[in-house]
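This report refers to the structure that appears directly beneath it.
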Amino acid sequence: MDWVIEARDLKKTYIMGEIEVNALRGVSFTVKRGEVVSIMGPSGSGKSTMMNTLGCLDRPSSGDYILDGESVAQMDDDQLASVRNRKIGFVFQSFNLLSRLTALGNVELPLRYAGLTEGRRQRAQQALEAVGLKDRMGHRPYELSGGQQQRVAVARALVNNPAIIMADEPTGNLDSKVGKEIMTLLLNLNKDLGTTLVIVTHDPRIAEQTQRVIHLRDGELDRIEENTGAAQ
675 MDWVIEARDL
685 KKTYIMGEIE
695 VNALRGVSFT
705 VKRGEVVSIM
715 GPSGSGKSTM
725 MNTLGCLDRP
735 SSGDYILDGE
745 SVAQMDDDQL
755 ASVRNRKIGF
765 VFQSFNLLSR
775 LTALGNVELP
785 LRYAGLTEGR
795 RQRAQQALEA
805 VGLKDRMGHR
815 PYELSGGQQQ
825 RVAVARALVN
835 NPAIIMADEP
845 TGNLDSKVGK
855 EIMTLLLNLN
865 KDLGTTLVIV
875 THDPRIAEQT
885 QRVIHLRDGE
895 LDRIEENTGA
905 AQ
């Protein structure tokens, strides 16, 4: 089986003064290449910690995390940063665009961080065209609607051809109509490019569009649901 994510007995403990907070308590699951998976759970369930771990923003206290064939759980900060830039594209609820840069400049950023010079602009233009923003490349974030800003964020996430796109509440700041458009965009990228999607959400309407739903509760894996009606 071609796994892009293998989480093996992941545990994460935070020390807050004299208190230990067990944010993850031995969570294990796998995600196939090209799969669309959502992660759900109530506040305090460990969703954010899992997102940070899978996104190589933090490392587990114990356990192993294999990302696209690489064990990353024990990497240092510089190694994690390198893997993060090469393997993961992020889409955040608040877009996280730089206001001083145009849409094209924002999408070019991951390529700059990767040290790419040749063909950088062309790849960024192609990514923006893929999300329907061919005519908005020179606009800055404040000149774009919320939906257009999120499309820029999606283009930035896919420009490096990542192993996975991680979307953290990608429709949370959008109205229902625009949110539906963004979900359709993400699902079409999965269908057309085979991009693996991991979506953290509290919205069951979003989760039901994914192929599997990983439910967390109190830092543990509660259950995994198969969505037979979701696009395969």
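With my numbering applied, the sequence shown corresponds to residues 675 to 906, in that order.
Ideal placement from N, C-alpha and C gives every residue a C-beta, glycine not left out.
This structure is a prediction, so every number in the text was calculated from the model and none was measured.
- Residue range 850-867 is occupied by the alpha helix (DSSP H) that includes residue 864.
- Annotation note: the stretch 735-771 contains the following uninterrupted alpha helix (DSSP H) runs of length 4 or greater, listed N- to C-terminal: 751-761.
- Under the three-state reduction of DSSP, residue 724 is assigned to helix.
- Just so you know, the alpha carbons of residue 829 and residue 770 end up roughly 13 Å apart.
- Each of 893, 802, 887 was checked against the Cα of residue 713, and the nearest Cα belongs to 887.
- For residue 696, the enclosing beta strand (DSSP E) covers residues 693-706.
- Rounded to whole angstroms, the gap between the alpha carbons of residue 782 and residue 807 is 14 Å.
- Straight-line spacing of the CA atoms in residue 753 and residue 884 works out to 31 Å.
- Beta bridge pairing from DSSP links residue 811 with no other residue.
- Ranked by Cα distance from residue 891, the options 898, 724, 728, 720 are led by 720.
- Bounds of the alpha helix (DSSP H) holding residue 782 are 777-787.
- If you compare the alpha carbons of 835, 796, 741 with that of residue 730, the shortest gap goes to 741.
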